[in-house]
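*Asks:*
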Amino acid sequence: MLTKSSNRRSFLRFSALAIPFTQINKLIGKPAPNKPIVVSTWDSGQIANGSAWPVLEKGGKALDAVEQAAIAIENDINCCVGLGGNPDRDGYVTLDACIMDEKANCGSVAFMERIKHPISVARKLMETTPHVFLAGVGAQQFALANGFKLESAELSPDAARTYKEWLKKAEYKPVINIEHQQSRPKEKGHGPFAPNRFDDGSFNHDTMGTIALDANGDLSGMCTTSGMGFKMRGRVGDSPIIGAGLFVDNEVGAATSSGQGEEVIRVCGTHLVVEFMRSGLSPEEACKKAVERIIKPNPERAKTFQVGFIAINKQGEVGAYSVQKGFNYTVTEKGGKGKVINAKSFFV
Ligand code: ASP
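This is the structure we're talking about:
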């Protein structure tokens, strides 16, 4: 005679033949991965995701999707990414970017001038050389040798205006004005997603980081920025540093960051987020733990800056967390419409 449990076993065996794989995954407690999916920092992530999604939707690679995301935002005129971004305190726009794929291949460029798409230079470096990181004139030389065009050194009209304002006091303030970020206007005359520059230049960072899981289940990411506005000449933040501004581990997940790069570098921020996910934390919990790690050594100092992390795991679950209120991110998945989500924060 069949016992109750052997009845159940044969039922499951039988039903396994008749129901789709996704349902079986649910039955055994592990939902099928939510893929493809792409996540970017900030509401300007709508521009980035808008270019990444068509690649993912067609079954393309996450690596190609994140490169397209970067190109779109580097083309956009905004304060903090690409040649239209704010200059350093000597008046030069210097760009930082990195890219990483599912096989731990990575490429970075930093302190690079007059090249429109640092992300594609980083990818070229990754794919055609044994190196990972090029900086300054060397990065520019590599770009020129590979067919990238030398662009004008002139500042964009927005950047020129903001720089002129900044020069009136020329105060070196690497610290984000948090109140401005929290109340930043939605439209301010620089296009729908470029309201991040204030007339006094005090809100001056908004790096674009994008992480994606493709239909094949592979992860990739990118990070691109003109860095902190009015920074010291030669200063490089977290954005082009693998493990700080971006980290991808195809077995676990991916993370990227925005905000005051020095604070992210101190803790190898995105590597930390991925390692927290490896230990079993959800993307949001992992981002939160990394934020707490940044704050812990000096909670007073932490009141003066912003850092935000976004993360995605192998299941396509997404999360974020920031030091201050005001950080948001854009998620695009089935249906292709980007959804802007406000991140939870340590200080509320
Ligand atoms: N993380 C960038 C940097 O420190 C700045 C930013 O996110 O705006 O260069």
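My numbering numbers the first residue of the sequence shown as 25 and each following residue consecutively.
Don't be surprised by glycine CBs; every beta carbon is placed ideally from N, CA and C.
(1) Using DSSP's beta-bridge definition, name the partner residues of D273.
(2) Regarding G261 and ligand 1, is the C-beta to nearest heavy atom distance less than 8 Å?
(3) For D88, does the three-state DSSP call read helix, strand or coil?
(4) Considering M232, what are the terminal residues of the beta strand (DSSP E) in which it resides?
(5) Taking a contact to mean a Cβ-Cβ separation below 9 Å, would you say A278 touches I336 in this structure?
(6) How big is the Cα-Cα spacing for E309 and V276?
(7) Could you give the distance in angstroms between the alpha-carbon of V199 and the alpha-carbon of Q284?
(8) Quick check: the Cα distance between I61 and G340, rounded to an integer number of angstroms?
(9) Specify the secondary structure class of I265 as computed by DSSP and reduced to three states.
(10) Give every residue of the same chain whose Cβ lies closer than 7 Å to the Cβ of A184, excluding the five residues on either side of it in the sequence, and list them in chain order.
(11) Tell me, which residues are paired with M124 by DSSP?
(12) I believe A121 touches S263 by the beta-carbon criterion, under 8 Å. Please report the beta-carbon distance rounded to the nearest angstrom.
(13) Is the separation between the beta-carbon of K140 and that of N99 shorter than 9 Å?
(14) Under the three-state reduction of DSSP, which class applies to Y196: helix, strand or coil?
(15) Just verifying my parser: in three-state terms, what is the DSSP assignment at F300?
(16) Out of C292, G304, S303, R302, state which residue places its alpha-carbon closest to the alpha-carbon of V315.
*Replies:* In short:
(1) G277
(2) yes
(3) Helix, per DSSP.
(4) 232-237
(5) Judged by their CB atoms, A278 and I336 are nearer to each other than the 9 Å cut-off.
(6) 14 Å
(7) Only weak support is given to the placement of V199: the predicted model assigns it a pLDDT of 47, under 50, and the question is left unresolved by the model.
(8) 7 Å
(9) Correct three-state label for I265: coil.
(10) none
(11) C130, G245
(12) 7 Å
(13) yes
(14) In this structure, Y196 counts as coil in the three-state DSSP scheme.
(15) helix
(16) With distances taken between CA atoms, V315 lies nearest to C292 out of C292, G304, S303, R302.
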